[in-house]
Amino acid sequence: GPVWSRNTVFGQGVPFAFPSSPDTGPGLTEAGKRLVTECNRIGIAVDLAHITEKGFWDVARLSDQPLIVSHSNAHAITPISRNLTDKQLAAVRESNGLVGLNFAVTMLREDGLKRVDTPLSDMIRHIDYLVEHVGIDGVGLGSDFDGTT
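Numbering follows the numbering used here, in which position 96 of the sequence shown is assigned residue number 163; successive positions increment by one, without gaps.
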């Protein structure tokens, strides 16, 4: 994607903070907008994991491709800035996009704690929520099996 939880020439990433909103900063820069336009032209999907909410909506407006968020969960369950709001999930669904489940326990647990004894039921709860909001064909397995630092 154009960012990773830090600022780049293309836009601003969301920090790892709990609880927090995904609305943590500005959207894409002009270079970021050009990047999305060029990716669309040559058929490259833009991964929206780690981007601010404003950046997400910038890509949604600019892109004619399905919205892809390779590893994120539901903000309604775990209110961390990296997780997606219901409006974002609806946009992914409308674009025939995909959300990959993030396995980092801080993004799965309602309390945002980093605990190795996090139950499988927390993952299933997010999967069920994502399927309800994006559709069964729009949910996959993401990454961060080793957590985040």
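In this text, a Cβ means the ideal position worked out from N, Cα and C, and glycines have one as well.
Cβ atoms of Gly-205 and Gly-164 come within 8 Å of each other, at about 6 Å. Look at Ala-157 here: in three-state DSSP terms it is helix. One alpha carbon belongs to Ser-72, the other to Ser-137, and they sit about 14 Å apart. Straight through space, the alpha carbons of Phe-123 and Ser-130 are spaced by roughly 10 Å. Taking C-beta atoms as the reference points, Val-81 and Arg-149 count as a pair closer than 8 Å.
Straight across, the Cα-Cα distance linking Val-113 with Pro-86 is about 26 Å. Per DSSP, reduced to three states, the secondary structure at Val-166 is strand. Secondary-structure assignment with DSSP links Val-113 through no beta bridge to anything.
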